[in-house]
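**Q** Handing you this structure, nothing more for now.
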């Protein structure tokens, strides 16, 4: 019984949109979840976001009220990283900044059990660079979930240069336990597979808007109707967050040196002006306050 309990404990670092989404799906799948953030306000927003999301699932008949309450009861919040001790899986979901993430992993290395799976939700930063901040690079892996996590079925599992096969298998099982389909990326390049493809498409779409070739609406319509995409690249940028996608693309550009991943001036300006997409209420499109994620 003790081993089973340990295997069902998850610690999530970062209570933003991704962190809270991961916490929600894990709790709904029966995991005991601790959600960590150093800012009490972030934890309060995350709890409210999870409650609202679960209520929507109840309203749609996707889950029962009892299941929603049970999931809520499995989530606790914690302002200190020391609480990661004893968790079988830790997922880091802080902002896409390599220095910040390496600091988190170095601190986790000091407090986590030796058999803890250390995972990053990064969408672009090489796992090897994060694993190097620990004394156990073989236990570090990427688990790249997609936004919004409760709705998206994919988890991209990324191997660093030293990630062991045991760690890879555990990460795949973790993703599948949360109801996700996993794909494996065995070569640790910036952007992996999905972010690399998305960034190339979004940056070109931004350049087309910047040059006045077509409107954001028409570009997105072309991709939806011409390519069968569920959402156009610029609407996707708004959903992901212009700041998040800019940071990820910049990381790919630094590693690859390819002009394909050069960040257009228009996207730089939008981030500087706080036009981040849905979470700020304005990006390539304008959103009512109810859609804001923060």
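Residue numbers (our numbering): 825 to 1118.
Beta carbons: idealized from backbone N, C-alpha and C, even for Gly.
On the DSSP bridge list, what partners appear for residue 965?
**A** 943 and 983
**Q** Which stretch, first to last residue, makes up the alpha helix (DSSP H) that contains residue 1077?
**A** 1066-1080
**Q** Go ahead and label residue 914 buried or exposed: buried means 16 or more other beta carbons lie within 10 angstroms of its beta carbon, across all protein chains shown.
**A** buried
**Q** Would you identify the three-state DSSP class for residue 1043, choosing helix, strand or coil?
**A** helix
**Q** Do residue 851 and residue 899 have their beta-carbon atoms positioned less than 8 Å apart in this structure?
**A** yes
**Q** Under a Cβ-count criterion, where at least 16 other Cβ atoms within 10 Å of its own Cβ denotes burial, should residue 1117 be classed as buried or exposed?
**A** Because residue 1117 sits at a pLDDT of 44, beneath the cut-off of 50, its placement in the model cannot be relied upon, and the following sentence gives the value as read from the coordinates. Residue environment: residue 1117 is assigned as buried (16 or more neighbouring CB atoms within 10 Å of its CB, all protein chains considered).
**Q** Closest by CA to residue 849, which one among 862, 874 and 1053?
**A** 874
**Q** Determine the burial state of residue 973: buried for a count of at least 16 other Cβ atoms within 10 Å of its Cβ, exposed for fewer.
**A** buried
**Q** Along the chain, which unbroken stretches of the alpha helix (DSSP H) at least 4 residues long are found entirely within the segment 966-1032?
**A** Listed in chain order, the complete alpha helix (DSSP H) runs (minimum 4 residues) inside the segment 966-1032 are 989-1001.
**Q** By the 10 Å Cβ neighbour count, where 16 or more other Cβ atoms means buried, how is residue 837 classified, buried or exposed?
**A** buried
**Q** Let me check understanding here. Comparing Cα to Cα, which of 897, 936 and 877 lies closest to residue 905?
**A** 936
**Q** So, are the CB atoms of residue 999 and residue 979 less than 8 Å apart?
**A** Yes.
**Q** DSSP has residue 899 in a bridge; who is on the other side?
**A** 857
**Q** Nearest CA to the CA of residue 1092: which residue from 1076, 1105 and 1071?
**A** 1071
**Q** When you compare the CB positions of residue 1066 and residue 1101, do they come within less than 8 Å of one another, or not?
**A** yes
**Q** Given this structure, state the Cα-to-Cα distance separating residue 1090 from residue 1039, to the nearest angstrom.
**A** Straight through space, the alpha carbons of residue 1039 and residue 1090 are spaced by roughly 13 Å.
**Q** Taking 7 Å as the limit between beta carbons, can you name the residues of its chain near residue 1003, skipping five residues before and five after?
**A** 849 and 853, listed in sequence order.
**Q** Does the Cβ of residue 923 have 16 or more other Cβ atoms within 10 Å, making it buried, or fewer, making it exposed?
**A** Its Cβ having fewer than 16 others within 10 Å, residue 923 is exposed.
**Q** Thinking just about the alpha-carbon of each residue, which of 975, 925, 968 and 910 is nearest to the one in residue 956?
**A** Considering only alpha carbons, the answer is 925.
**Q** Does residue 928 come out as helix, strand or coil in the three-state DSSP assignment?
**A** helix
**Q** I'd like the list of long-range same chain contacts for residue 1061, defined as Cβ closer than 6 Å, with 5 residues on each side in sequence excluded.
**A** 1026 and 1069
**Q** Taking the C-alpha atoms as reference points, what is the distance between residue 807 and residue 949?
**A** The requested residue 807 is not part of the displayed model; the chain covers only 825 to 1118.
**Q** Given a cut-off of 8 Å on the beta-carbon distance, is the pair residue 964 and residue 987 in contact?
**A** yes
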